[in-house]
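See structure below.
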Amino acid sequence: MELAHAEAAETLAAATPAPNGPPAPRRVLTHSAMEAWSRCEVEYRLAYEERLVPTAYPAALAVGTAVHAGVETLHLGLPLPEAYRSAALALQRFLDRACSGAGTDTPADLERQLEFDMAKVRAMLAAWTDRYLVPAADGTHAVDRDLDIVATEQVLEAPLVNPLTGRPSRSFRLAGKLDAIARRRGNGSDGSYVVELKTTGEDLDEFLEAMTVSAQPAVYQVLAESRFGAGHGQLPGTVLDIIRKPTIRPKKDESPAEFEQRAIEAYRSEPERFVRRVVLPPDPQLRREVMVNAWRIADGIRRAERYGYVSKKGPACRGAYGPCRYRPLCWHGDATGFVTKETEHEELLEGP
Ligand code: SF4
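In terms of this note's numbering, the sequence shown has 39 at position 39, counting the first letter as 1, and numbering is strictly consecutive.
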C-alpha cells in the first residue's frame, strides 16, 4: 500500500521495472520458503508444493501477524482503535481456519484463547505507540518520531542470480513482502531504508544477536533495491523494530481486559526491555553468503523434483519451539487436520 508521501512515492513509481525483456520465471522463492526447505525438505514439499497447511491455531504466528496488521495501520496515520480493528481481523482469520479443521480444541476454547491473544496484541500495539508515535505538526494524527514512511506492505520481486555467472535463474525469482520502506529523519541521509517489524518471545539482546546473522534483512535489501531500479545502488540499511511479547501470563479468574492492563503496565515500567528499534547496516559478506545459499536452495529444489525425492530431517521433527506442525501427516499419513492453501505463498497475499 502506497502512502501520499508525494516525492518518495514518485521515486518508487518511476523505478518499476521495464515491461520488455525475457519473461520472469513463474515460480518464486520467499525467505519463509527457504527457511522451510533448510529446516526439512518434506516440510517444504507439503507446504509449498502440495500447498497444505495445518488448521490448528498457531498462537505465536497469529499474534505476530495481528501485530503486523496493527502497526501497518498506525504507519498509515490511523488511530490506535483502527489498529486494534485490523489486528482483530487478522486474528479472526486464524480462528476461522482453526474452527474449520478437526483440531482437539472446541470453538469455545479457541474463542477464549483469541480473547487473551487479542489482549496481548493490544498491549503490544500500545507499547509500540507509546515508544514511537508523536503528534503530527498539524495535530490531526500521529506520525513516527524517527521515520517518514514511504510505502507499506510492499510485495516485491527480484531476479535470483547465479553467484558464479551472474545470470538470472530461469526457474525461480526471489519474492517477499516488506513491512515498509521509509526515510529516517534527521540522520543526514535521504536514502530509503527497509523497515522490518519483528515480534518475539525471546530476550531482546539474544534476538538481536540472531538477527545480525539472519538471511532475511539481506534478502529484503535485494528486493527493495530491485524495486528502486537498476543503478540505484545499495540501500543504507534495515530499520528493525522488535516488540517482545508479554512475559506475564493470565492469572486464574483474570479477565482479558485486566490481563491487558497488567501487560501495558509491564511495558511502561521497562520499555527498553520490551520494545527496541535498531538500524542494521548492509553486510556485503553476509549478503553474498545469503544469495549463494538462495541459489543452492533453488538448485536443490529442482534436483529433488528431478529425482522425485525429498529427504526427511529427523531433528526438525521435534523442533526448537515444539513439534513440527506437519508431523501427523508426515509420520502417520493423517491429513484430517490440514487444508489446502489458496496459494503456496500466503505471506505474499495483500493484507495482513
Ligand atoms: S515431521 Fe519431521 S520429517 Fe516430517 S515434515 Fe516435519 S520435520 Fe520434516
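All C-beta atoms, glycine included, are put in the ideal place defined by N, C-alpha and C.
Could you give the DSSP three-state label for residue i: helix, strand or coil?
| i | result |
| --- | --- |
| L329 | helix |
| L348 | helix |
| Q234 | coil |
| R167 | coil |
| T16 | Reliability of the predicted coordinates at T16 is poor, the pLDDT of 42 falling under 50, and no value is obtained from them. |
| T247 | coil |
| R184 | strand |
| V42 | helix |
| T152 | strand |
| D179 | strand |
| L147 | strand |
| C317 | helix |
Go ahead and label residue i buried or exposed: buried means 16 or more other beta carbons lie within 10 angstroms of its beta carbon, across all protein chains shown.
| i | result |
| --- | --- |
| H345 | buried |
| T340 | exposed |
| S269 | exposed |
| A98 | buried |
| D109 | exposed |
| T65 | buried |
| A18 | Unreliable placement is indicated for A18, whose pLDDT of 45 sits below 50; no coordinate value is reported for it. |
| D334 | exposed |
| G337 | buried |
| E41 | buried |
| E209 | exposed |
| E260 | buried |
| K198 | buried |
| D241 | buried |
| A62 | buried |
Compute every distance between the C-beta of residue i and the non-hydrogen atoms of ligand 1, then say whether any falls below 7 Å.
| i | result |
| --- | --- |
| L316 | At residue 316 the sequence reads Ala, which differs from the Leu that was named. Yes, since a heavy atom of ligand 1 falls inside the 7 Å radius drawn around the Cβ of A316. |
| L46 | yes |
| K341 | no |
| R327 | yes |
| V42 | yes |
| C99 | no |
| W37 | no |
| W128 | no |
| K312 | yes |
| W295 | no |
Identify every residue that forms a DSSP beta bridge with residue i.
| i | result |
| --- | --- |
| A142 | P135 |
| L174 | L29 and A158 |
| E196 | L240 |
| T340 | L52 |
| V279 | V239 |
| A294 | Bridge partners of A294: none, in fact. |
Cβ atoms of residue j and residue i: under 8 Å apart, would you say?
| i | j | result |
| --- | --- | --- |
| A36 | E43 | yes |
| L174 | V213 | no |
| C317 | R327 | yes |
| A182 | V161 | no |
| V226 | E157 | Residue 226 is actually Ser in this sequence, not Val. Cβ atoms of S226 and E157: closer than 8 Å. |
| G176 | H332 | no |
| V67 | I243 | yes |
| I297 | S38 | yes |
| A263 | P246 | yes |
| D144 | Y132 | yes |
| T106 | S86 | no |
| Q221 | R277 | no |
| A180 | N293 | no |
Is residue i near ligand 2, with its Cβ less than 7 Å from a heavy atom?
| i | result |
| --- | --- |
| F116 | Looking for ligand 2 in the displayed structure turns up nothing; the ligands present are ligand 1. |
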